[in-house]
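>
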Amino acid sequence: MPKDTPKAQPDLLQGTLDLLILRTLQPGPMHGWAIARRIQQVSDDVLTVQQGSLYPSLHRLARKGWIDSEWGTSENNRRAKYYRLTAEGRRRLADETESWQRLSAAVSRVLQEA
Amino acid sequence: MSWRDLRNRWRALVQPGRFEAELDEELSNHLELEIEHRMARGESREEAERAARLALGGVEGIKEGCRDSWGSRLIQDLGRDAQGACRRLVRYRRYSLVVIASLGLGLGAALVVFSMVDAVLLRPLPFHEPDRLVQFWELTPQGERFSSSDANLLDFREQGRSLVDLAAIQWPPPRPALFREGERVQLVGMGVTPNFFRSLGVSAVVGRTFGDEESRVDAPAWSVVLAYETWRTYFGADREIVGQDIDLDGHWWTVVGVLPEDFRFGGSVPQIYTPYRLDADFPRGDHRLSAVARLAPGASLESAQREFEAIASRLADTYPDTNDGWGVFLQPLPESMLGPDVRRTQWLLLSAVGLLLLLACVNVANLFLAQLADRQDELALRRALGSGRLRILQQVLTESVVLGAAGAAVGLGLAYLTVPWIRGLPVPMPRLDEMSVDLRVAGLAALLAIVSGLLFGLLPAWNATRSTRGVHSRRQGQVDPGSGRLRSALVMCEVALATVLAVGAGLLLDSFESLASVETGIDTRDVLLAEVDLPTDHYPESSNNARRFFEQLVERTNSLPGVESVGVTMTSPFRGPNPSNNVSVESETNRDAFVPVHWRAVSPGLFRTLRVPLVRGSDFGEAPRAETVISAGLADRLWPGEDPIGQRMRWISPEGPLYEVVGVVGDVQDLALGVPPPLMVYMPQQWFGWPSMTLAVRSVTPRAYVEPIREIVSDLDHKLGSPTFSTLGEQKKDALAQPQLSLQVMSIFSLVALLLAAAGVYGVVAYAVSRRQRDLGVRLALGASPGRLVRGLTLRSLMPVAIGLVVGLALAMALAFSMQTMLYETSPVEPRVVLGVAAVLALAGLASAWMPARRAARLDPLVALREE
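So the protein sequences, as listed, match chains Y and R.
Every letter in the first sequence is one number past the one before it in this note's numbering, and letter 60, counting from 1, is 60.
Count along the second sequence from 1, then add 1000; that gives the number in this note's numbering.
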């Protein structure tokens, strides 16, 4: 564990990480490092993904056929493995986003009213 | 799990190298990007590298996570275990070979017996809905199953509704000679009513079977159907043969079709089929046709049986002379084709091979246990390092299944080699020639491989993973007492199983010996037999032609130099036929008091040729007269305390003809060995003029007369085919073929069982000696006598042998009563067998315990002590 981890970092549930990955890939193909970076940036550094835990998720999603991978050339002119959403992945993203929103809305309501 | 998911798992499984390489590259690429990113923010290269590694986390952990994600983990573990198992098996080469050989023998035997049982008992008959087929028997007033007569069958066919296509098989079977391209070939034929093939639901592969054309009453149809083999052998499998005429016995017959290759009916394999027409004018009391039929739609066996019983009693009212007291018995065809003897033999072999397989598994379990004991250090170390018991169990069981698979492969190979050989054996076992090593057998092999692997692996594996103590125990030269007890128990089982098999084989041997030496009443040595079948159109039954032909044949054979005596009989000994009838004293008017007898038409000289002793009176005279010779048993039955010579015997019924008794001969059993001799009547062939006879020639060199007799037959009628030759001794041997097969198979099984059990005892003692070297060394060093050490070791290991022997004998005796029906004049507790088996097993146990024990006495105490 890096010592400079911010204290407020919540543990990411596996399903949540999958969802974030799928969402991050929605605009276009990306390689692993960029995905990690992107999640971190967009969440204002709250969701610092433990970079390593990203890869098992990526490989599992690839096995399930929700994302696809392809070797391409990265910004620093190196061979890098790019992931992109498949049609199946897009469907999944829509489903999961909807159910996540329902869930978080419900949780927020409970937190506000109870 | 989606199809794509499976495909991706499969890719990870078959290309693990590519997946690993790409993962490596992906992760190092990630690090580089992170380092460059950090350096761009102004960190030094070293700082950036360190921070990047920290941010990524432990590389090995990530890799493991990714590998889990690939989803090929479980199978890869299994694959690794299997690889490891194979490596270990190669390292412990000698052990592996013994295990594989042992399992291979057991599994091979099981597969052979299974394919036999499958062919003979399990596979349905190759007919359409064989369960709807029945064998049609008439029942004699005495309640015996009997064949039917032409007139009766016609009536049954006309009146019965619950059977369709009641078909009959002609007797005696036609034996036409085929003339083709100047060659004369004697064929075995079968005459069947034209509805026979329709009844069985068998159609031709080329052309057609018999049909309406052959059933027409007005015009006789000269049609034949060829067996597949005949078509191939004599007609080059030419499809054009259908519709052509062929020459049989000098007549032109039209080939209408060819039967499927696998067509068989009962045990006989006819080469050609001719149509037979039921003849209403044939004597109603002449029962000689066997018949089959199919249950009509909606009819059950019981309803058909009731209907035909009713018809039989109507017929009895209409024709009291011939049909009084006769009934009908419908038997399912599959049952009638497999006699109880065949079933019993099959079950015996199946149970025996089951025991053998179990024994092989126990033996291997024993070896496995010893091998695991040698590896106790390794297993204990792995447990101590945190390997779970289940994981180790999985690994050890993988090993035993790998061994099981190798054993099954060997067994399958053995079966593959043995089955064709058994298929060709001249054993009168129906459908034995259909045995094959097919997919079912291969499937069974795979199943047995897994089951036997688990069976012999589970106990030792459980035992071996039980404790973590092993690391130390070996150091101190101790034997794990639990494992020792387990091994003794296993040896006990082996000895018990081997004992059961050996007793079974011993009983069969004893029974076979009694059967082979049973008194048949004829002298089977030095007699040549020649079966001659005259075509009935030139030589009708009771014709002078047939009489004269055999008279001349006997006369001319008799004049050959070196021939001692000659005779003819209608019953070829140990083959048949076996005609029967009823007789009584002259004055008897009550039909029910008639005595059922077997009868043979014979010529004068036959008794001398077969050396059947003439007890009273004389042989037949040369001139045809209404006279008879009867067996001693029948003489006692009909005229107890009186002189039968000169008495007159009533034939068939109170209205039947009379025959004068001229002689009494010894009782003869010329068909079924192991059955008491029947009451027998001999009729003069000169009187009867039967067209199918067997010539018997006694001479010191019986085989030398094959050619001369062939020439005489051809000289008497050049249109006749060659007679079928054999010797009386050979025919008796054929009659013993089925019990002999059981005996041979059981002997092989029990020999293998004995070897396996001996190997088990040897293994246990050898193991004990090697484990106790230090202990033995100390005792030798302190002056213990080597002889006493050996005796002690041997005797101690004989305990399980003795217990196993007692248990096995008890078990064998219990089981032997269930095979009593297969034994001839042998008690299930035959003391010779029981004592013999006990002695052999005890000796084998002693020898296999003594050999390794002797090594202990040869130990050099110093070497033994330094061994640690």
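Backbone N, C-alpha and C define an ideal beta-carbon position, used for all residues, glycine too.
Please read all numbers here as calculations on a predicted model, not as lab measurements.
Buried or exposed: W66 (chain Y), going by 16 or more other Cβ atoms within 10 Å of its Cβ?
It counts as buried.
> Are at least three pairs of beta-carbons, each pair with one atom in the region 1330 to 1337 of chain R and one in the region 1182 to 1198 of chain R, less than 8 Å apart?
With the cut-off at 8 Å, the region 1330 to 1337 of chain R and the region 1182 to 1198 of chain R do not touch.
> In chain R, which residues lie less than 8 Å from N76 (chain Y) when you measure between Cβ atoms?
The contacting residues are E1032, L1033, E1036.
> Going by DSSP, what residues sit across from N1463 (chain R) in a beta bridge?
Note: N1463 (chain R) sits in no beta bridge, so no partner.
> Cβ of G1763 (chain R) within 8 Å of Cβ of L1425 (chain R)?
Their beta carbons are not under 8 Å apart, which means G1763 (chain R) does not touch L1425 (chain R) by this criterion.
> Starting from F1368 (chain R) and walking both ways along the alpha helix (DSSP H), at which residues does that stretch end?
1340 to 1374 is the extent of the alpha helix (DSSP H) around F1368 (chain R).
> Taking 8 Å as the threshold (beta carbon to beta carbon), is Y55 (chain Y) in contact with chain R?
Y55 (chain Y) counts as touching chain R.
> Can you list the alpha helix (DSSP H) stretches of 4 or more residues lying completely in the region 1731 to 1803 of chain R, in chain order?
Correct list: 1737 to 1771, 1773 to 1781.
> The alpha helix (DSSP H) that contains Q1135 (chain R), what's its start and end?
From DSSP, Q1135 (chain R) is part of no alpha helix (DSSP H) but of the beta strand (DSSP E) over 1133 to 1139.
> Given that R60 (chain Y) touches chain R, what residues does it touch there, using C-beta distances under 7 Å?
Here the neighbours are S1069.
> Along chain R, which residues have their Cβ under 9 Å away from the Cβ of A87 (chain Y)?
Those within 9 Å of A87 (chain Y) in chain R number zero; the least Cβ separation is about 11 Å.
> Counting beta carbon pairs with one atom in the region 1586 to 1598 of chain R and one in the region 1644 to 1661 of chain R, are three or more of them shorter than 8 Å?
Yes, they touch.
> Within the same chain, show all residues whose beta-carbon is closer than 8 Å to that of I1311 (chain R), passing over the 5 residues directly before and after it, in chain order.
Within the same chain, I1311 (chain R) has close Cβ partners D1155, F1156, Q1159, G1160, V1328.
> For N1363 (chain R) and chain Y, any beta-carbon pair shorter than 8 Å?
For N1363 (chain R), the answer is no, since every Cβ of chain Y falls outside 8 Å of its Cβ.
> Pick out whichever of R:S1785, R:L1369, R:L1444 has its Cα sitting closest to the Cα of G1407 (chain R).
Closest by alpha carbon: R:L1444.
> Since S1199 (chain R) contacts A1293 (chain R) with CB under 8 Å, what's their CB separation in whole angstroms?
6 Å between Cβ atoms; contact.
> Got a sec, what are the start and stop residues for the beta strand (DSSP E) E70 (chain Y) sits in?
Where E70 (chain Y) is concerned, the enclosing beta strand (DSSP E) stretches over 67 to 73.
> For the region 1345 to 1379 of chain R, which residues have a CB atom closer than 9 Å to at least one CB atom of chain Y, in sequence order?
Hits within the stretch: zero.
> Specify the secondary structure class of Q101 (chain Y) as computed by DSSP and reduced to three states.
Helix, per DSSP.
> What are the start and end residues of each continuous beta strand (DSSP E) run of 3 or more residues lying completely inside the region 1620 to 1659 of chain R, in chain order?
Complete beta strand (DSSP E) runs here, min 3: 1627 to 1631, 1648 to 1651.
> Kindly say whether S1002 (chain R), judged by its beta-carbon, lies nearer than 8 Å to any beta-carbon of chain Y.
Output row for S1002 (chain R): interface = yes.
> Cβ closer than 7 Å: which chain R residues qualify as neighbours of W33 (chain Y)?
Result: H1030, L1033, E1034.
> Looking at C-beta atoms only, is the number of pairs between the region 1513 to 1531 of chain R and the region 1722 to 1730 of chain R that lie closer than 8 Å three or more?
The answer is yes - the region 1722 to 1730 of chain R touches the region 1513 to 1531 of chain R, with three or more Cβ pairs under 8 Å.
> Report all residues from its chain with a CB closer than 7 Å to the CB of N1545 (chain R); omit the five preceding and five following residues, and keep chain order.
So the qualifying residues of the chain are H1538, Y1539.
> Between the C-alpha atoms of R1239 (chain R) and A1227 (chain R), what's the straight-line distance to the nearest angstrom?
Taking the straight line from one Cα to the other gives about 13 Å.
> Whose C-beta lies closer than 7 Å to the C-beta of G1506 (chain R) among residues of the same chain, with five residues either side of it excluded?
Counting only Cβ-Cβ distances below 7 Å, and skipping sequence neighbours, we find V1833, G1836, V1837.
> Between the alpha carbons of D1005 (chain R) and E88 (chain Y), how many angstroms are there, rounded?
Answer to the nearest angstrom: the Cα atoms are 12 Å apart.
> According to DSSP, which residues form a beta bridge with G1057 (chain R)?
The partner list for G1057 (chain R) (beta bridge, DSSP) is empty, contrary to what the question assumes.
> Output, in chain order, the set of chain R residues within a Cβ distance shorter than 8 Å of R63 (chain Y).
Per Cβ cutoff of 8 Å: D1005, N1008, R1009, A1012, S1069, W1070, G1071.
> Give me, in chain order, the residues of the same chain whose beta-carbon lies closer than 6 Å to that of S1072 (chain R); leave out the 5 immediate sequence neighbours on both sides.
Taken in chain order, the residues that qualify are R1009, A1012, L1013.
> List the whole-angstrom C-beta distance separating Y1682 (chain R) from T1628 (chain R), where the pair is believed to meet the contact cut-off of C-beta under 8 Å.
At roughly 6 Å, the Cβ-Cβ gap stays under 8 Å, so Y1682 (chain R) and T1628 (chain R) are in contact.
> In the DSSP assignment, find the beta strand (DSSP E) that holds K1719 (chain R) and state where it starts and stops.
That residue, K1719 (chain R), is in no beta strand (DSSP E); it is neither H nor E in DSSP.
> Helix, strand or coil, according to DSSP, for W1690 (chain R) in the structure here?
Correct three-state label for W1690 (chain R): coil.
> Closest Cβ-Cβ distance between C1493 (chain R) and chain Y: below 8 Å?
For C1493 (chain R), the answer is no, since every Cβ of chain Y falls outside 8 Å of its Cβ.
> List, in order along the chain, the chain R residues whose C-beta lies closer than 7 Å to that of A80 (chain Y)?
Ordered by position in chain R, the residues that pass the 7 Å Cβ test against A80 (chain Y) are N1029.
> Run the CB neighbour count on Q1371 (chain R), radius 10 Å, all protein chains shown included, and call it buried at 16 or more, exposed below.
It is buried - the Cβ of Q1371 (chain R) has at least 16 other Cβ atoms within 10 Å.
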